[in-house]
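A.B. asks: Take this structure first; my questions come after.
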Amino acid sequence: MKLVGNRYETMEQLGSGAAGAVYKARDTVMKKIVTVKLLTRHSISERATIRFQREAKAQSGLSHENLSSVLDFGIDTDGTPYMVTTFIEGRSLKEVIAIKGPFPPDVAVKLLKQVASCMDYVHGKGIIHRDIKSENIVLEEREQGYRAVVVDFGVAKLTEENEGSHLTRAGQIVGSPYYISPEQAAGLDIDRRSDVYSLGCVAFEMLTGSVPFKGDNALETIRLHATAPVPSLPEMLVQDVPVLLDETVRKMLEKDPENRLESMSELLGCLETIESEIAKGYQSDQELPIMAGAGGRRKPRTGIFLIATGILLVLGLSVTGYLLFKSPAPESEKPAETEVEAAVPPSKSALSEDITQLISDNDFIRSREGGLLKVRANNLKNELDWSYLNTIKEPFLLSVWEADLSPDLMRRILKTPLIKGLVLGDHKKPLTIEYYEIISKRRDLRIMHLIKVKKLTAEALERISRIEALNTLTVSNCNVDQATVDQICKMKGVRRLAFRENPAITSAFVAQICGSLPGLADLDLEDTSVDDRAMEAIASLKDLANLNLNGTGVTDRGITRLKNQHLSIVCLERTKVSDRGLLSLARIPSLRKVLVDNQTPVTTAGIKRASLNNPNMNVISLE
26 MKLVGNRYET MEQLGSGAAG AVYKARDTVM KKIVTVKLLT RHSISERATI
76 RFQREAKAQS GLSHENLSSV LDFGIDTDGT PYMVTTFIEG RSLKEVIAIK
126 GPFPPDVAVK LLKQVASCMD YVHGKGIIHR DIKSENIVLE EREQGYRAVV
176 VDFGVAKLTE ENEGSHLTRA GQIVGSPYYI SPEQAAGLDI DRRSDVYSLG
226 CVAFEMLTGS VPFKGDNALE TIRLHATAPV PSLPEMLVQD VPVLLDETVR
276 KMLEKDPENR LESMSELLGC LETIESEIAK GYQSDQELPI MAGAGGRRKP
326 RTGIFLIATG ILLVLGLSVT GYLLFKSPAP ESEKPAETEV EAAVPPSKSA
376 LSEDITQLIS DNDFIRSREG GLLKVRANNL KNELDWSYLN TIKEPFLLSV
426 WEADLSPDLM RRILKTPLIK GLVLGDHKKP LTIEYYEIIS KRRDLRIMHL
476 IKVKKLTAEA LERISRIEAL NTLTVSNCNV DQATVDQICK MKGVRRLAFR
526 ENPAITSAFV AQICGSLPGL ADLDLEDTSV DDRAMEAIAS LKDLANLNLN
576 GTGVTDRGIT RLKNQHLSIV CLERTKVSDR GLLSLARIPS LRKVLVDNQT
626 PVTTAGIKRA SLNNPNMNVI SLE
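In structure tokens:
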């Protein structure tokens, strides 16, 4: 228990992050429960303090039933900034979705109306939130249903003042990758339509349980916002939804702001119409215009790829670089763009009773990874009707995460011709060499993600090395030693290599890998034991475009060695790289994105200096 500001007595910690902690506290003067937000000592930097002050300033003077009010702001006796807001008894929308799953359309619409009403009020006060996401919406349970409360205005932009956006003008982009609008990610001027886009991502998440775009790292996710077609709600195998709701969410997620819903007020009008239609459907025997969750096909909107390509170029990424990053299918596997229909299963009437039940129970979960369809089998059982996979009409990545499949079943599953990648891992029992032998027969697999694979052996990797088409390999949270690294070094076709949460990966191993695989375009070393000693070898990779050093021991000294001619993206979250390293990176002409967080000791002044040296380089501060 701690006394903050000689007035607020902390009772329990509600949450914490890299930047600070949030407490339930007692106001000893007013005798009521409040929320106290404190910056952590290690995060009290110029950037963090400015953000904290902006949050207090943005929220002060605002009063709406779906907003938390700022009650007090100050500096504690130990120099720690604090902010006091009204206490909301509830969980974040993100937590509720994780616990209870997707919301029924009628409930989702009611909540979206509350948030849209709140944000319409906020926009009317000249404030753009810039970080609307499910974590920043708290749900308070009441007898009549949930009350949604919008919180965290830490990156809000005050449109009537210059200071509100000076960090962005200096080359820094703030926001959350899963919810950021294409124009915000590109560092362009934004307006209220950017918040509409972010709320569209939240709406999609409420209805499906998943955000619309999710790459295997932050920058790929941002790129998907700029380039990937918006998945329809039925494509995600959700419950039946009104056509107008699907169209409204898609309109919120238009990549070009000019084609997006104009305002929260316009969104409210759409939601009220949808709510009225849903109510009529419940009160009568009339059929609503419903889009079946497991059926119906729709053609993509013409021109979407032109818009996406334009935004991609604004993002400073060449189309060639994007294709390398997403590992596209060979031309023979690509359907003609004008004839493509969204890949959804046949209508329920065309399916067997077993498969219909399978889909309605969400046993197969669909999402997108790097533009490729990803299909994950949920609640896996050997008797599951895997013939569903044959109804999928486009190349896809299959996740058999946590599966305990017999070798026979694995063999049958891999006869599905459109499987182009596998996700293996977290199995109750180690996979035998027989499994890897079966997998090795599919020489056309392009992607292999090995995550939490028990007792991964060099013998297993030798089988994987036989897959001729393999260009993407992930070895995350697996046992790695000299023998396994030796096998990886033999995979000459691999262009994208990821080692995450592998402390056994050292700088010496990285040097060996870089020497053996000089064609690497993407290298992910997040949360490994890599330090400055690996940087000389990494600098030798002539085709390297994307480098993830999050959570490594790399410092300014190592960063100064990077001079790769095609380097476009560098991730530096949770590192000790400072303004000096940032300035060194700015001297690489091709560099377009540098990702940092509150634990990266760069300053606003450092960002400005780097921006002067490389106006095309954006520093993205991820929340």
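Using the numbering used here, the letters of the sequence shown map in sequence onto residues 26 to 648.
Don't be surprised by glycine CBs; every beta carbon is placed ideally from N, CA and C.
Which word fits isoleucine 538, buried or exposed, when buried means at least 16 other C-beta atoms lie within 10 angstroms of its C-beta?
C.D. replies: It is buried - the Cβ of isoleucine 538 has at least 16 other Cβ atoms within 10 Å.
A.B. asks: Tell me, please, which residues DSSP counts as bridged to arginine 525.
C.D. replies: None; arginine 525 has no bridge partner.
A.B. asks: Going by beta carbon distance, what residues of the same chain come within less than 6 Å of methionine 108, once the five residues before and after it are set aside?
C.D. replies: The residues are Lys62, Ala81, Phe98.
A.B. asks: Along the chain, where does the alpha helix (DSSP H) that runs through asparagine 573 open and close?
C.D. replies: Segment 571-573 is the beta strand (DSSP E) holding asparagine 573; no alpha helix (DSSP H) there.
A.B. asks: Measuring alpha carbon to alpha carbon, tell me which of Ser219, Leu587, Arg172 ends up nearest asparagine 571.
C.D. replies: Considering only alpha carbons, the answer is Leu587.
A.B. asks: Locate the beta strand (DSSP E) running through lysine 135, then write down its first and last residues.
C.D. replies: Taken as a continuous stretch (DSSP letters only), lysine 135 belongs to no beta strand (DSSP E), being part of the alpha helix (DSSP H) at 130-149.
A.B. asks: Can leucine 470 and leucine 449 be called in contact, C-beta distance under 8 Å?
C.D. replies: No, Cβ-Cβ distance for leucine 470 and leucine 449 is not below 8 Å.
A.B. asks: Ordered along the chain, which non-local residues of its own chain (more than five positions away) have a Cβ less than 8 Å from that of isoleucine 438?
C.D. replies: Excluding residues within five positions, the ones whose Cβ falls inside 8 Å are Trp411, Leu414, Leu423, Val425, Leu430, Ile444.
A.B. asks: Applying the criterion that 16 or more other CB atoms from any shown protein chain within 10 Å of the CB defines a buried residue, is isoleucine 124 buried or exposed?
C.D. replies: Classification of isoleucine 124: exposed, given that the 10 Å Cβ count is below 16.
A.B. asks: Based on Cα-Cα distance, which residue from Ser565, Tyr222, Glu230, Gln139 lies nearest to arginine 391?
C.D. replies: Here the closest residue by C-alpha is Glu230.
A.B. asks: Cα-Cα, which of Tyr460, Val274, Ser615 is closest to lysine 138?
C.D. replies: Among Tyr460, Val274, Ser615, the Cα nearest to that of lysine 138 is on Val274.
A.B. asks: Compute the Euclidean distance between the alpha carbons of serine 235 and leucine 286, then round it to the nearest angstrom.
C.D. replies: Distance between the alpha carbons of serine 235 and leucine 286 is about 22 Å.
A.B. asks: Which of helix, strand or coil does DSSP assign to valine 400?
C.D. replies: Three-state DSSP puts valine 400 in a strand.
A.B. asks: Skipping 5 residues on each side, what residues in its chain have a beta carbon closer than 7 Å to that of lysine 479?
C.D. replies: For lysine 479, where only same-chain residues beyond five positions count, the Cβ hits under 7 Å are His452, Pro455.
A.B. asks: Put serine 223 into one of helix, strand or coil per three-state DSSP.
C.D. replies: Serine 223: helix per DSSP, three-state reduction.
A.B. asks: Quick one: measure Cβ to Cβ for isoleucine 162 and valine 227, integer angstroms, because I've assumed they're closer than 8 Å.
C.D. replies: Their Cβ separation, rounded to whole angstroms, is 7 Å, which keeps isoleucine 162 and valine 227 in contact under 8 Å.
A.B. asks: Report the option in Ser609, Ser615, Asn638, Glu598 whose CA atom is closest to the CA atom of isoleucine 645.
C.D. replies: Out of Ser609, Ser615, Asn638, Glu598, Glu598 has the C-alpha closest to the C-alpha of isoleucine 645.
A.B. asks: Contact defined as beta carbons within less than 8 Å: I believe valine 174 pairs with glutamate 160. What is the distance between those atoms, to the nearest angstrom?
C.D. replies: The Cβ separation is near 12 Å, so there is no contact.
A.B. asks: Between leucine 616 and valine 602, how many whole angstroms is the CB-CB distance? I'm expecting something under 8 Å.
C.D. replies: Not really, about 13 Å apart at Cβ, beyond 8 Å.
A.B. asks: From arginine 612 to serine 290, what does the alpha carbon distance come to, in whole angstroms?
C.D. replies: So the two alpha carbons sit approximately 45 Å from each other.
A.B. asks: Considering only the alpha carbon of each residue, which of Pro640, Pro207, Thr577, Thr298 lies closest to proline 528?
C.D. replies: The candidate whose alpha carbon is nearest that of proline 528 is Thr577.
A.B. asks: What's the C-alpha gap between asparagine 91 and serine 142?
C.D. replies: Spanning the two alpha carbons is a distance of roughly 8 Å.
A.B. asks: Which residue from Glu561, Val519, Ala559 puts its Cα closest to that of leucine 542?
C.D. replies: Comparing Cα positions, the closest option is Val519.
A.B. asks: Thinking C-alpha only, which one of Thr553, Arg248, Val510, Asn496 is nearest glutamate 484?
C.D. replies: Of Thr553, Arg248, Val510, Asn496, the residue nearest in Cα terms is Val510.
A.B. asks: Look at the alpha carbon of asparagine 639 and the alpha carbon of leucine 592, and state the distance between them as a whole number of angstroms.
C.D. replies: One C-alpha to the other measures close to 13 Å.
A.B. asks: What's the call for valine 54, buried or exposed, on a 16-neighbour Cβ count within 10 Å?
C.D. replies: By the neighbour-count rule (16 or more Cβ atoms within 10 Å), valine 54 is not buried but exposed.
A.B. asks: For the candidate residues Gly45, Lys49, Ser41, whose alpha-carbon lies nearest to that of methionine 26?
C.D. replies: Among Gly45, Lys49, Ser41, the Cα nearest to that of methionine 26 belongs to Lys49.
A.B. asks: Taking the C-alpha atoms as reference points, what is the distance between threonine 628 and isoleucine 247?
C.D. replies: About 23 Å.
A.B. asks: For the alpha helix (DSSP H) containing aspartate 461, list its first residue and its last residue.
C.D. replies: Note that residue 461 is tyrosine in the sequence shown, not aspartate. It spans 458-465 - the alpha helix (DSSP H) in which tyrosine 461 sits, taken as one unbroken run.
A.B. asks: Can you give me the start and stop residues for the beta strand (DSSP E) that histidine 474 sits inside?
C.D. replies: First-last of the beta strand (DSSP E) with histidine 474: 472-476.
A.B. asks: Given a cut-off of 8 Å on the beta-carbon distance, is the pair proline 432 and tyrosine 460 in contact?
C.D. replies: Contact: yes.
A.B. asks: Can you list, in chain order, the residues of its chain whose CB lies under 6 Å from that of arginine 605, leaving out five sequence neighbours each side?
C.D. replies: If we look at arginine 605 and ignore the five residues flanking it on each side, its Cβ neighbours are Asp581.
A.B. asks: Going along the chain, which residues of its own chain have a beta-carbon closer than 8 Å to the beta-carbon of histidine 148, five neighbours each way excluded?
C.D. replies: Answer for histidine 148: Arg217, Asp220, Ser288, Met289, listed in chain order.
A.B. asks: Under a Cβ-count criterion, where at least 16 other Cβ atoms within 10 Å of its own Cβ denotes burial, should glycine 212 be classed as buried or exposed?
C.D. replies: The residue is buried, with at least 16 neighbouring Cβ atoms inside 10 Å.
A.B. asks: Output yes or no for whether 8 Å exceeds the beta carbon distance between arginine 521 and alanine 559.
C.D. replies: In this structure, alanine 559 does not lie closer than 8 Å to arginine 521 by Cβ.
A.B. asks: On a CA-only basis, which of Ala494, Val199, Thr553, Lys517 is nearest valine 505? Give me that one, please.
C.D. replies: The residue with the shortest Cα to Cα distance from valine 505 is Thr553.
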